[in-house]
Amino acid sequence: MAANVSVLSPRLAERKLHLATAIGFPLIVLIGYFKSYYFSFLFDVPRVANALVHAHGIIMSGWVLYFVMQTALIRTRNVKVHMTTGLVGIALAALVIVVGLATAVDAQLVRGAAPPGENPHAFFFLPVSDMVIFAGLFAAAIYFRKRPIEHKSLMFLTAIAFVPAALFRIPVVPPEYAMLWAFGVPALMAVAALVWHSVKHGKVNRVFAAGVAVVVAAVPLRPVIANSEPWLSFAAWIAEMV
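Note that the working numbering has the sequence shown beginning at 3, numbered continuously upward.
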């Protein structure tokens, strides 16, 4: 009996982690964009800038729903359907990246949108880095698709990669701490998940740890790179092109 429990415990831990993600990820997105996007018609807030922003919102919402659906398929042991619809996920992820980058170019480099006191060209690095990290994690998840632990862990981190944008829109801290709140909390969530996973499995999964390292390292590196001369020059060059 003890042997069976020791075998099942890591699996149960995995199921709990991914169930929490499937519930928490859409909930955070809904709360974050409740006022500014999903139910903006109920509030006196600026309207969505253009059709591109609407397309971005629809595609990102589709990705969140797809993530929940894929998690549900695994929990109900519909593995074949999960794998078949994975092809849809690849196409959807490509749309997320392309439209996400286009929206960032439009927002920061064309319309000059940024939080008060922020340089739009520097702020442009934040959505770009989100997309780059998401692309890397998702590509790795596809590569490890036949290794369930690694695949699920990396897909968990793809959700973490998109949490900052939603958290940034949940004003629970003073504005001067908004960036730390938006990027620091997801990093802590990733570390906590890795610790939980490692304790339950009795070892550290190197692929999961590498993914978490990327998420955590990005927190201090983002402002450094965003305000660096090479990046600002690159952003200015793109702005001239568009």
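Idealized CB from N, CA, C, for every residue including glycine.
### Message
Am I right that Gly34 and Arg171 are in contact with their C-beta atoms under 8 Å? What's the rounded C-beta distance?
### Response
About 4 Å separates the two Cβ atoms, so the contact holds.
### Query
By a C-beta neighbour count over all protein chains shown, 10 Å radius and 16 as the cutoff for buried, is Glu152 buried or exposed?
Glu152 sits buried, since 16 or more C-beta atoms from the chains shown fall within 10 Å of its C-beta.
### Message
I need the straight-line Cα distance from Ala116 to Thr73, nearest angstrom please.
### Response
Rounded to the nearest whole angstrom, the CA to CA distance from Ala116 to Thr73 is 34 Å.
### Query
According to the neighbour-count rule (16 or more other Cβ atoms, all chains shown, within 10 Å of its Cβ), is Trp239 buried or exposed?
So Trp239 ends up on the exposed side.
### Message
Count Cβ pairs between the segment 178-185 and the segment 204-216 that sit closer than 8 Å; are there 3 or more?
### Response
No, the segment 178-185 is not in contact with the segment 204-216.
### Message
Suppose the cutoff is 8 Å on Cβ atoms and the five residues either side in sequence are ignored; what does the same chain contact list for Ala168 look like?
### Response
The answer, listed in chain order, is Ile30, Val31, Ile33, Gly34, Tyr35.
### Query
Mind checking whether Thr105 and Pro122 have CB atoms under 9 Å apart?
Note that the C-beta distance between Thr105 and Pro122 is not below 9 Å.
### Query
If you run the structure through DSSP and keep just helix, strand and coil, what is Met3?
In this predicted model, Met3 has a pLDDT of only 42, less than 50, meaning its place in the structure is not dependable; the value taken from the coordinates is given anyway. In the three-state scheme derived from DSSP, where H, G and I count as helix and E and B as strand, Met3 is classed as coil.
### Message
Rounding to the nearest angstrom, what Cα-Cα distance links Val50 and Arg13 in this structure?
### Response
Each residue's Cα considered, the two are about 43 Å apart.
### Query
Considering only residues of the same chain and omitting the five flanking positions on each side of Ile76, which have a CB-CB separation below 6 Å?
These residues qualify, in order along the chain: His84.
### Task
Going by CA-CA distance only, name the one from Ile25, Met157, Ala124, Phe41 that's closest to Ala237.
Looking at the Cα atoms, Ala124 is the closest of the given residues.
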